[in-house]
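Just below is one structure, and these are the notes that go with it.
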Amino acid sequence: MAPTATTNSDQSFIYPQINEAPRGGDFYLNNPDPENDVNIPDQLLGTKKKLRVIVLGSGMSGINFFKFAEDKASNLEIQCYEKNEDIGGTWLENRYPGCACDIPSVVYQFPWRPASWSKYYSYSPEIWKYVKMVAEENDFINKYVKLAHEVKSLAWDEATGQWTVEVKDLKSGREFKDHSDFVVNCTGVLNKWKWPDIPGLRDFKGTLLHSAQWNQTTDLKNKRVALLGAGSSAVQILPNIYDQVSQVYTWIRSKIWITAGFAQKFAGKDGANFTYNEEQQGLFNNPDEYKAYCKMIEGELNQRFSFIINGSAPQRDAVDYSVNEMKTKLKEKPELLEKVMPTDFFVGCRRPTPGNGYLEALAGEKVTAYTSQLQTITEKGFIDPNGQEHEVDVIICATGFDTSYKPRLPITVNGTDMRTYWEDPKNNPTGSPAPTYLSLALAGVPNYIIFAGAYCPSAHGSFFPLVQAYSDYTLQILEKMQTENIKSIRPKIRATTQFLKHADTYLKRTAWTGKQFTFHNKKAITNNETGPCSSWFKGGKKDGKPAIWPGSRLHFLRLLEKVRFEDFDIEYEDDENMWSFLGNGFHVCERDGSDITWYLGKPEHPVDEKKILDVMDGLKGKDLELDMP
Ligand SMILES: Cc1cc2nc3c(=O)[nH]c(=O)nc-3n(C[C@H](O)[C@H](O)[C@H](O)COP(=O)(O)OP(=O)(O)OC[C@H]3O[C@@H](n4cnc5c(N)ncnc54)[C@H](O)[C@@H]3O)c2cc1C
Ligand SMILES: NC(=O)c1ccc[n+]([C@@H]2O[C@H](COP(=O)([O-])OP(=O)(O)OC[C@H]3O[C@@H](n4cnc5c(N)ncnc54)[C@H](OP(=O)(O)O)[C@@H]3O)[C@@H](O)[C@H]2O)c1
Numbered sequence: 010m011a012p013t014a015t016t017n018s019d020q021s022f023i024y025p026q027i028n029e030a031p032r033g034g035d036f037y038l039n040n041p042d043p044e045n046d047v048n049i050p051d052q053l054l055g056t057k058k059k060l061r062v063i064v065l066g067s068g069m070s071g072i073n074f075f076k077f078a079e080d081k082a083s084n085l086e087i088q089c090y091e092k093n094e095d096i097g098g099t100w101l102e103n104r105y106p107g108c109a110c111d112i113p114s115v116v117y118q119f120p121w122r123p124a125s126w127s128k129y130y131s132y133s134p135e136i137w138k139y140v141k142m143v144a145e146e147n148d149f150i151n152k153y154v155k156l157a158h159e160v161k162s163l164a165w166d167e168a169t170g171q172w173t174v175e176v177k178d179l180k181s182g183r184e185f186k187d188h189s190d191f192v193v194n195c196t197g198v199l200n201k202w203k204w205p206d207i208p209g210l211r212d213f214k215g216t217l218l219h220s221a222q223w224n225q226t227t228d229l230k231n232k233r234v235a236l237l238g239a240g241s242s243a244v245q246i247l248p249n250i251y252d253q254v255s256q257v258y259t260w261i262r263s264k265i266w267i268t269a270g271f272a273q274k275f276a277g278k279d280g281a282n283f284t285y286n287e288e289q290q291g292l293f294n295n296p297d298e299y300k301a302y303c304k305m306i307e308g309e310l311n312q313r314f315s316f317i318i319n320g321s322a323p324q325r326d327a328v329d330y331s332v333n334e335m336k337t338k339l340k341e342k343p344e345l346l347e348k349v350m351p352t353d354f355f356v357g358c359r360r361p362t363p364g365n366g367y368l369e370a371l372a373g374e375k376v377t378a379y380t381s382q383l384q385t386i387t388e389k390g391f392i393d394p395n396g397q398e399h400e401v402d403v404i405i406c407a408t409g410f411d412t413s414y415k416p417r418l419p420i421t422v423n424g425t426d427m428r429t430y431w432e433d434p435k436n437n438p439t440g441s442p443a444p445t446y447l448s449l450a451l452a453g454v455p456n457y458i459i460f461a462g463a464y465c466p467s468a469h470g471s472f473f474p475l476v477q478a479y480s481d482y483t484l485q486i487l488e489k490m491q492t493e494n495i496k497s498i499r500p501k502i503r504a505t506t507q508f509l510k511h512a513d514t515y516l517k518r519t520a521w522t523g524k525q526f527t528f529h530n531k532k533a534i535t536n537n538e539t540g541p542c543s544s545w546f547k548g549g550k551k552d553g554k555p556a557i558w559p560g561s562r563l564h565f566l567r568l569l570e571k572v573r574f575e576d577f578d579i580e581y582e583d584d585e586n587m588w589s590f591l592g593n594g595f596h597v598c599e600r601d602g603s604d605i606t607w608y609l610g611k612p613e614h615p616v617d618e619k620k621i622l623d624v625m626d627g628l629k630g631k632d633l634e635l636d637m638p
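If you read the sequence shown in the working numbering, its first letter stands for residue 10, the second for the next number, and so on.
Written out as structure tokens, the structure is:
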């Protein structure tokens with residue numbers, strides 16, 4: 010067998026090992042100077058100290074973090090608390106009729122765990138089953154997650170450099186404290202659904218449902234239904250209940266663009282969802298062909314950002330497409346078309362709502378649509394704008410989530426609860442209502458990363474590539490803390506403030522700020538900072554600031570590849586010697602069997618070391634000729 014030169018554990022000449030570690034005290038110190046000498050720990054450069062990391066939540070974000078932590082990090086002790094009785098977050102909770110991803114499934118999955126999907130856009134139960142399978146394959150729940158445990162508060166102790174995390178076991182009711190060096194907040198952007206504030210809602214005696222809290226035993230057959238909202242959830246619900254129910258009253262209180270589906274080019278007829286046939290399923294078994302297919306679709310999604318830029322040709326195309334869709338499909342209800350089709354904000358200002366079958370259902374005879382705010386709910390139904398009561402059996406609130414990005418639990422640092430920063434921008438040094446650094450950390454909050462905080466690219470395509478980027482970014486920070494004896498790291502106020510100013514200024518170029526225009530000639534007439542669209546990107550307010558990434562998704566992913574440590578305030582464990590991690594002057598590679606001549610590269614092919622030694626034996630060489638020049 011050919012000798013190999015490729016293993017690290019070889020006791021060979023190419024990869025010699027140094028086996029004796031010098032211990033503290035195994036040296037003589039010349040000229041000790043206790044006044045000026047600093048403390049040097051007996052530590053190898055590159056040593057990773059153990060860090061305890063508490064993760065909040067086990068949706069896609071938590072799960073991706075576990076995977077990358079296992080694959081790319083070491084010496085991390087991970088404990089995740091999950092308030093639900095199972096993992097999966099969004100896809101465990103959202104089970105309304107028609108609930109599906111609107112990003113094609115083959116790119117709405119972990120790129121490191123492709124699956125065979127049944128449909129182009131999969132329904133919620135299949136997506137949840139996939140997440141659960143990934144968790145089971147990796148035994149993540151056993152290893153890291155305490156289910157039905159809700160984190161109630163986080164408090165940072167500057168002296169110990171630790172978080173105190175208050176947790177409630179939702180089954181037993183027991184409350185306890187845990188501690189960690191670092192917190193990774195994966196509690197989700199769309200994880201706090203809310204009831205609409207409508208007088209009488211609580212008096213309703215029929216079935217009251219929220220899209221994110223669906224009772225799956227509800228039978229809608231021949232029922233009279235009130236459906237509130239016209240966001241992505243309602244747009245999926247209406248066509249999916251239409252055939253069962255006897256009557257639907259629906260409220261579209263703000264105008265909406267019904268848009269083309271995401272990656273429509275690869276979808277079924279007219280952008281419709283489809284089931285993969287046998288041959289198509291077969292392609293999933295060929296990893297290269299499958300990857301090429303994913304890249305085609307992802308490539309298409311990655312070009313979408315240009316339509317957000319005000320005045321761009323793709324934006325004009327998007328308006329033309331949506332105008333045509335809406336005019337064609339609502340031609341039977343011209344008065345409704347006039348009331349729901351926007352005339353004063355661009356496509357994309359609100360999150361695009363690809364509405365397969367929505368407009369058709371809206372035009373159907375069973376539907377009565379109101380375009381004003383529902384004012385009163387009664388025990389039996391609701392009062393319409395003419396003051397007439399209508400009885401309904403079921404009220405469905407597809408009215409969305411708390412998207413203020415205000416922390417949903419107290420996060421206390423040096424006695425200040427960070428939630429006060431959101432309550433009044435004057436309370437925080439950035440002066441912003443969402444003092445978030447690059448969507449992933451909070452100004453002045455140490456040892457804390459949030460996946461998809463304010464200013465995340467929430468409207469830019471699949472969430473999965475983002476959670477990979479957040480995971481890698483977090484692991485870079487953790488590794489630096491582990492290897493450089495860092496006690497705490499937090500974004501600088503200046504870096505955060507200037508990022509927010511940049512973002513807010515840039516966003517004025519985009520549809521998200523809702524620049525006004527006259528629809529008929531598509532000419533911009535005013536340039537307001539905020540426009541008339543209400544959107545969850547602005548916390549559900551027309552006059553809110555859009556807290557969204559100021560650039561494309563690729564722009565975001567590339568930026569996150571390397572942590573800009575210059576934007577962080579770093580505190581070291583030894584505040585007199587930030588270089589303590591240089592330690593005893595040796596590197597880990599000198600002790601762990603690594604290649605200690607790595608910088609010379611490696612032979613490309615296996616070599617016979619014995620032969621080399623034999624041939625190159627100095628004793629066999631020719632004697633020097635002393636008179637040589
Ligand atoms: C109906 C719907 C459809 C969507 N479709 C798409 C789509 O097509 N494409 C797309 O890219 N995105 C889509 N999204 C966005 C979706 O939320 C993300 O893609 C993704 O699933 C978010 O994962 P996450 O892990 O960050 O958050 P979540 O899935 O929300 O998970 C957060 C987890 O944290 C837990 N948690 C929260 N608070 C606490 C606490 N205090 N203590 C302990 N645990 C806590 C929750 O129980 C939950 O399990 C959709 C969202 C909704 C609501
Ligand atoms: N992939 C998918 O297909 C999919 C499906 C569902 C959800 N999602 C994600 O989840 C996000 C949230 O979607 P969502 O539809 O649940 O919420 P949403 O987009 O915030 O829409 C909520 C709707 O309810 C209306 N509303 C709120 N309060 C109301 C009230 N008091 N009376 C009447 N109407 C009221 C809103 O009107 P205003 O606009 O006037 O405020 C809006 O039309 C989406 O943008 C998307 O990111 C994705």
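Cβ atoms here follow ideal geometry from the backbone N, Cα and C, with glycine treated the same way.
Under the three-state reduction of DSSP, which class applies to residue 469: helix, strand or coil? coil
I believe residue 592 touches residue 51 by the beta-carbon criterion, under 8 Å. Please report the beta-carbon distance rounded to the nearest angstrom. 7 Å
Out of 54, 66, 625, which one is the CA nearest neighbour of residue 459? 66
Which one or two residues does DSSP pair with residue 164 in a beta bridge? 173, 421
First and last residue of the uninterrupted alpha helix (DSSP H) at residue 321: From DSSP, residue 321 is part of no alpha helix (DSSP H); its letter is neither H nor E.
For ligand 1, is there a heavy atom less than 7 Å away from the beta-carbon of residue 154? no
Check residue 230 in the structure and name its three-state DSSP category. coil
Please state the DSSP three-state secondary structure of residue 511. helix
Is the closest heavy atom of ligand 1 to the C-beta of residue 160 under 7 Å? yes
Between the Cα of residue 49 and those of 148, 589, 277, spot the shortest distance and give me the residue it belongs to. 589
Segment limits, beta strand (DSSP E) that includes residue 185: 184-189
Beta carbon of residue 512 nearer than 8 Å to that of residue 559: yes
Would you mind stating whether residue 410 and residue 545 have Cβ atoms separated by less than 8 Å? yes
Straight-line Cα distance separating residue 578 from residue 498: 6 Å
What does the alpha-carbon distance come out to for the pair residue 445 and residue 275? 36 Å
For residue 634, count neighbouring C-beta atoms within 10 Å of its own C-beta (all shown protein chains included) and say buried if the count is 16 or more, exposed if not. exposed
Where residue 240 sits in the DSSP three-state scheme: coil
Using DSSP's beta-bridge definition, name the partner residues of residue 90. 65, 155
Measuring alpha carbon to alpha carbon, tell me which of 551, 470, 576, 603 ends up nearest residue 114. 470
Under 7 Å from any heavy atom of ligand 2, does the C-beta of residue 237 make it? yes
Where residue 98 and residue 279 are concerned, what is the direct C-alpha to C-alpha distance, given to the nearest angstrom? 31 Å
Report all residues from its chain with a CB closer than 6 Å to the CB of residue 208; omit the five preceding and five following residues, and keep chain order. 385
Please state the DSSP three-state secondary structure of residue 612. coil
Beta-bridge partners of residue 260, as assigned by DSSP: 237, 379
Beta-carbon proximity check, residue 380 vs residue 356, cutoff 8 Å: no
Three-state secondary structure assigned by DSSP to residue 550: strand
Alpha carbon of residue 172 to alpha carbon of residue 255, nearest angstrom: 54 Å
Let me know the secondary structure DSSP gives residue 301 once reduced to three states. helix
One or two residues paired with residue 499 in a DSSP bridge: 578
What first and last residue would you give for the alpha helix (DSSP H) that runs through residue 390? That residue, residue 390, is in no alpha helix (DSSP H); its beta strand (DSSP E) goes 390-392.
In chain order, which continuous runs of the beta strand (DSSP E) of length 3 or greater are located wholly inside the stretch 73-117? 85-90
I'd like the list of long-range same chain contacts for residue 309, defined as Cβ closer than 8 Å, with 5 residues on each side in sequence excluded. 272, 274, 275
How big is the Cα-Cα spacing for residue 303 and residue 290? 14 Å
Relative to the C-alpha of residue 232, which residue among 277, 624, 217, 222 is closest? 217
Any idea what DSSP makes of residue 202, helix, strand or coil? strand
Checking the sheet assignment: what are the DSSP bridge partners for residue 128? 284
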